[in-house]
Ligand code: NDP
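Okay, structure coming up:
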């Protein structure tokens, strides 16, 4: 039986849980946020074996030990969602995404006598982090014709925030076309906001026409393969959620005159929203991004 943690630490404790985890940039990002806001924190990388029991044990031990907030990354976002659903609650964005990237304890539930494992709350800041970054680039989302390539967790989490940002049309393209169609059906049933939007779906190779923004939400960048893009596919702006490597998707559209961006700003954006959720401090993301770029150069 888990009891309430005793909050004796002066530095608030945060972690990112994943497998693998050594490559995670989250500790550096949150250190910059802490310096910017004057918060005393420690933020660590937490490796976890890839099974549900280990994940549950890691999360419970962390919060039981006085941890304030945790980020969740591959491959645990869906598991975190299921755990929060069973043990505490989830935000609307997490519910629609079916995934959680930000864990915290629901203080109200704790104050009402709930144990730690009954008060686990999950949010998903990935999609809003994407929207905030795109907006900061000066790319217009209001009224935009948008295509997302990919129908996995990242695409799923981006759909509601993009619609809430006022896009005009949305097309989801995927290698496995049925997954794109299923995603549209499923999310339309889950959210009236999404249902009111007539989202189209197609196979990636069939995606054609002119879009304002095309977002690559596939993990193809990890494989070294290139997406089968139609010659008739063009856009004003191309965004790849991946970062930290050469991205053929962006090179393809840059040669066709589009503005491009990788997903590093999305990573910082989702982290900033997690930090704000945990500490109540707002982040100046532009300033934090400048600091992080200076540190890595
Ligand atoms: P998932 O595994 O859930 O989905 C992967 C998607 O990529 C599927 O649509 C899959 O298609 C497609 N795909 C994989 N390999 C290929 C290929 N060789 N050719 C064509 N399509 C392919 O991954 P996520 O949705 O979680 O992540 C997607 C990307 O987004 C990753 O690169 C991840 O790093 C990035 N990301 C970035 C974030 C940031 O902060 N910048 C945050 C979250 C994610 P199919 O259905 O046919 O298998």
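Residue numbers (our numbering): 2 to 298.
Every residue gets a Cβ at the ideal spot worked out from N, C-alpha and C, and that includes glycine.
Determine, using beta carbons only, whether residue 174 and residue 145 come nearer to each other than 8 Å.
-> In the chain shown, residue 174 corresponds to position 173, counting from 1. In the chain shown, residue 145 corresponds to position 144, counting from 1. Note that the C-beta distance between residue 174 and residue 145 is not below 8 Å.
Taking the C-alpha atoms as reference points, what is the distance between residue 112 and residue 259?
-> Along the chain shown, one-based indexing puts residue 112 at 111. Along the chain shown, one-based indexing puts residue 259 at 258. In a straight line, the C-alpha of residue 112 is about 52 Å away from that of residue 259.
Inter-residue Cα distance where the pair is residue 88 and residue 58 | Residue mapping note: residue 88 aligns to position 87 of the chain shown, counting from 1. Residue mapping note: residue 58 aligns to position 57 of the chain shown, counting from 1. Distance between the alpha carbons of residue 88 and residue 58: 13 Å.
So residue 210 and residue 171 are in contact, right, with Cβ under 8 Å, and what is the actual spacing, rounded?
-> In the chain shown, counting from the first residue as 1, residue 210 sits at position 209. In the chain shown, counting from the first residue as 1, residue 171 sits at position 170. Not quite, the Cβ-Cβ distance comes to about 13 Å (not below 8 Å), so this is no contact.
Three-state secondary structure assigned by DSSP to residue 185 = Translated into the one-based positions of the chain shown, residue 185 becomes position 184. If DSSP states are grouped into helix, strand and coil, residue 185 belongs with the helices.
Presumed contact (8 Å Cβ cut-off) between residue 152 and residue 131, rounded CB distance = Counting from one through the chain shown, the residue named residue 152 turns up at place 151. Counting from one through the chain shown, the residue named residue 131 turns up at place 130. About 16 Å separates the Cβ atoms of residue 152 and residue 131, ruling out a contact at the 8 Å cut-off.
Nearest to residue 102 by CA position, among 44, 176 and 78, is which residue?
-> Here the question's residue 102 lines up with position 101 in the chain shown. For residue 102, the nearest C-alpha among the options comes from 78.
Per DSSP, cross-strand counterpart(s) of residue 70 = Within the chain shown, residue 70 is the residue found at index 69, counting from 1. DSSP lists 15 and 105 as the beta-bridge partner residues of residue 70.
Out of curiosity, what's the CA-to-CA distance linking residue 292 and residue 33?
-> Residue mapping note: residue 292 aligns to position 291 of the chain shown, counting from 1. Residue mapping note: residue 33 aligns to position 32 of the chain shown, counting from 1. Distance between the alpha carbons of residue 292 and residue 33: 7 Å.
Cβ neighbour criterion (16 or more within 10 Å) applied to residue 27 = Translated into positions along the chain shown, residue 27 becomes position 26. With 16 or more Cβ atoms within 10 Å of its Cβ, residue 27 is classed as buried.
Own chain, CB closer than 7 Å to residue 75, minus 5 neighbours either side, in chain order | Within the chain shown, residue 75 is the residue found at index 74, counting from 1. Cβ neighbours of residue 75 beyond the five flanking positions: 19.
Which same chain residues, not among the five before or five after residue 82, have their C-beta less than 7 Å away from its C-beta?
-> For the purposes of this step, residue 82 is identified with residue 81 of the chain shown, where counting begins at 1. Excluding five sequence positions before and after residue 82, the CB atoms of its chain that fall closer than 7 Å to its own CB belong to 91, 95, 99, 100, 101 and 123, given in chain order.
Please go through the region 26-87 and give each complete alpha helix (DSSP H) segment of 4 or more residues, from N-terminal end onward.
-> If we require 4 residues or more, the alpha helix (DSSP H) runs fully inside the region 26-87 come out as 27-38 and 53-65.
Taking the C-alpha atoms as reference points, what is the distance between residue 15 and residue 44?
-> Here the question's residue 15 lines up with position 14 in the chain shown. Here the question's residue 44 lines up with position 43 in the chain shown. So the two alpha carbons sit approximately 5 Å from each other.
Quick one: grab the DSSP three-state call for residue 92.
-> Position 91 of the chain shown, counting from 1, holds the residue named residue 92. Looking at residue 92 - three-state DSSP - the assignment turns out to be coil, as it is neither helix nor strand.
Which partner residues of residue 260 appear in the DSSP bridge assignment?
-> One-based indexing of the chain shown puts residue 260 at position 259. Partner(s): 238.
For the beta strand (DSSP E) holding residue 202, just list the boundary residues, first then last.
-> Translated into positions along the chain shown, residue 202 becomes position 201. Looking at the DSSP string, the run of the beta strand (DSSP E) that includes residue 202 is 201-204.
By Cβ distance, which residues of its chain are closer than 6 Å to residue 298, with the 5 residues on each side in sequence left out?
-> On the chain shown, position 297 is the one that residue 298 refers to. Answer for residue 298: no residue qualifies.
Alpha carbon to alpha carbon, how far is residue 51 from residue 80?
-> Counted from its first residue, the chain shown places residue 51 at position 50. Counted from its first residue, the chain shown places residue 80 at position 79. In a straight line, the C-alpha of residue 51 is about 10 Å away from that of residue 80.
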